[in-house]
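For the sequence shown, this note's numbering gives the first residue as 8, with consecutive numbering after it.
Glycine is no exception: its CB is placed at the ideal position from the N, C-alpha and C atoms.
Please read these numbers as outputs of a predicted model, since none were measured by experiment.
Working notes, structure below.
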Amino acid sequence: MKRKTKGMLAAAAALMCIFVASGCGKSGGGSDAANQASSSSGETAAQNSNSGAETIEKYIVMDGSRINVLTNKGNVYYIGGGLNFHKDDVAVETPTKFLENISFIPGNGSTWIDKNGDLYINGIDPIKGGAVDAPKKLGGNIVVSTPYLLGIVAVDKDGNLYSYGQAKYNGFDKDYAELTKIDSIKDVVKVTSDHKNRFFLALTKDGTAYSKAADEDFKKVMDNVKDIQGNYIITKDDVMYYSGKQPEKIGQGLKLSKYVDPRSAVFVENQTIARLDWNGKPLKADKEIDTLYGYYPKDIKEVLYHDISSDPKKESIKILKMVYENTNGEIVLYGVNDCYKDTGKVETNTKVTKSVEDISKIWEFIKASKK
Numbered sequence: 008m009k010r011k012t013k014g015m016l017a018a019a020a021a022l023m024c025i026f027v028a029s030g031c032g033k034s035g036g037g038s039d040a041a042n043q044a045s046s047s048s049g050e051t052a053a054q055n056s057n058s059g060a061e062t063i064e065k066y067i068v069m070d071g072s073r074i075n076v077l078t079n080k081g082n083v084y085y086i087g088g089g090l091n092f093h094k095d096d097v098a099v100e101t102p103t104k105f106l107e108n109i110s111f112i113p114g115n116g117s118t119w120i121d122k123n124g125d126l127y128i129n130g131i132d133p134i135k136g137g138a139v140d141a142p143k144k145l146g147g148n149i150v151v152s153t154p155y156l157l158g159i160v161a162v163d164k165d166g167n168l169y170s171y172g173q174a175k176y177n178g179f180d181k182d183y184a185e186l187t188k189i190d191s192i193k194d195v196v197k198v199t200s201d202h203k204n205r206f207f208l209a210l211t212k213d214g215t216a217y218s219k220a221a222d223e224d225f226k227k228v229m230d231n232v233k234d235i236q237g238n239y240i241i242t243k244d245d246v247m248y249y250s251g252k253q254p255e256k257i258g259q260g261l262k263l264s265k266y267v268d269p270r271s272a273v274f275v276e277n278q279t280i281a282r283l284d285w286n287g288k289p290l291k292a293d294k295e296i297d298t299l300y301g302y303y304p305k306d307i308k309e310v311l312y313h314d315i316s317s318d319p320k321k322e323s324i325k326i327l328k329m330v331y332e333n334t335n336g337e338i339v340l341y342g343v344n345d346c347y348k349d350t351g352k353v354e355t356n357t358k359v360t361k362s363v364e365d366i367s368k369i370w371e372f373i374k375a376s377k378k
């Protein structure tokens, strides 16, 4: 059973990086799929233009293999690709819609909540194993959830907690084959999890943060809390903490960007990238690091993509590529060649809009980073 769980977890992790980029949100057989957030069969942004202008509300995934976005109209588009699990799932070079009527989509997109409050997952069946045949509806009246990785924790409109999936990955020590109400803390407004779904945070209406490992009960860790993100807690005084076994203070006035795995976290401070490691520890003094941080723009609101890779023609030359939202709300493509050297050069500093069509411009910029 232990070996099976590890295999399922590896497969689930792969699928989570894939389903959001493929057409797996398309309606399939079964009444749940028929009633889910309706999706199109490969409708492009241009074909959807008759519904009026759309703007990007959230960049869900942005890496060298795919981009996924949620628009102000509740549509989810992707560009790029991944492995194909259905005959009509293809990699695309044009923004392509695969979900509609969406209100919330956490993490990398294997979980979503539609505007009717219905919660769906896609990917591995945590109890039976194997890929689900179609997006699976877990329940209704849900307002927020953790991402799905063999398990999920969700919150309904009345602040009650729910769990689904395999023990340890669903926040608790018991398998739940259906979305099940949990008798635990009340008046919850948000839940988050780490990238492995083994550690969880919950925030209640009165600003109290609770934490738990999968085999523990929720315990109160902090009052006066404004928000939680993954493993991080932000107080109403704008102080950020990393929540491990004990909360560790990182700093004040920081904004967390590019969070999937905490080890890739990027912090923004005073409109530029803070010189901090993922756990809030200051980076050591180093000439190359000094040079790199000197290249970072000074008008950053949020970092959407950050990558430093070797030049394919010369390993010693490192190329910085960033996509960020500036303080004017514009999306900026920013690239520096030889970013650790004083002789480096800013080669890209281009603004694009938040339109669906301009996803293609972002994709053309970042896809070369894929190895």
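- Non-local C-beta neighbours of SER264 in its own chain, meaning closer than 6 Å and more than five positions away in sequence, comprise VAL273, VAL275, GLU309 and VAL310, ordered along the chain.
- With respect to the 9 Å criterion, GLY258 and GLY214 are not classified as neighbours on the basis of their beta carbons.
- Residue range 83-87 is occupied by the beta strand (DSSP E) that includes TYR84, with no alpha helix (DSSP H) assigned at that position.
- Among the bridge pairs identified by DSSP, GLY146 is matched with LEU126.
- Here GLN278 has LYS305, ASP306, ILE307 and THR334 as same chain residues with Cβ atoms under 7 Å from its own Cβ, once five neighbours each way along the sequence are excluded.
- Distance between LYS80 and GLU61, taken at the CA atoms: about 7 Å.
- In this structure THR78 does not touch GLU100 by the C-beta definition: roughly 19 Å separates them, more than the 8 Å allowed.
- Shown here for ASP224: same chain residues with a beta carbon closer than 8 Å to its own, the five before and five after excluded, namely SER191 in chain order.
- Between LYS175 and ASP222, the C-beta gap is smaller than 9 Å, which places the two residues in contact.
- Listed as beta-bridge partners of THR62 by DSSP are SER362.
- For ILE373, the secondary structure class from DSSP, reduced to helix, strand or coil, is helix.
- The distance from the Cβ of LEU186 to that of GLY146 is about 4 Å, consistent with a contact at the 8 Å cut-off.
- The Cβ atoms of ILE315 and LEU340 lie no closer than 9 Å to each other.
- The three-state secondary structure of GLU223, taken from DSSP, is coil.
- The C-beta distance from LYS181 to ASN167 rounds to 17 Å, too long to fall under 8 Å, and the pair is not in contact.
- In the three-state scheme derived from DSSP, where H, G and I count as helix and E and B as strand, LEU157 is classed as coil.
- When secondary structure is reduced to three states using DSSP, GLY178 falls in the coil class, being assigned neither helix nor strand.
- Straight-line spacing of the CA atoms in ARG205 and LEU156 works out to 10 Å.
- Per DSSP, reduced to three states, the secondary structure at ILE189 is strand.
- Only residues of its own chain outside the window of five on either side were considered, and among them none has a CB closer than 6 Å to the CB of LYS203.
- Contact between TYR300 and LYS325 does not hold, since the beta-carbon distance rounds to 14 Å and is not under 8 Å.
- The Cβ neighbour count for GLY351, taken over all protein chains shown within 10 Å, is at least 16; the residue is labelled buried.
- LEU208: member of the beta strand (DSSP E) spanning 206-211, first to last residue.
- Beta-bridge pairing by DSSP links ASP163 to ILE149.
- A check of alpha carbon separations from VAL359 across ASP349, VAL343, VAL330 and ASN344 identifies VAL330 as the nearest.
- Counting along the chain, the unbroken beta strand (DSSP E) around LEU168 starts and ends at 168-172.
- SER218 sits close to LYS226, with the two beta carbons spaced by under 9 Å.
- Counting other Cβ atoms within 10 Å of its Cβ, GLU255 stays below 16 and is therefore classed as exposed.
- Annotated three-state conformation of THR298 is helix, per DSSP.
- Rounded to whole angstroms, ILE280 and LEU327 show a C-alpha spacing of 13 Å.
- Within 10 angstroms of the beta-carbon of GLU332 lie 16 or more other beta-carbons, which makes it buried.
- Rounded to whole angstroms, VAL68 and TYR84 show a C-alpha spacing of 11 Å.
- The three-state reading of DSSP puts ARG282 in coil, since its state is none of H, G, I, E or B.
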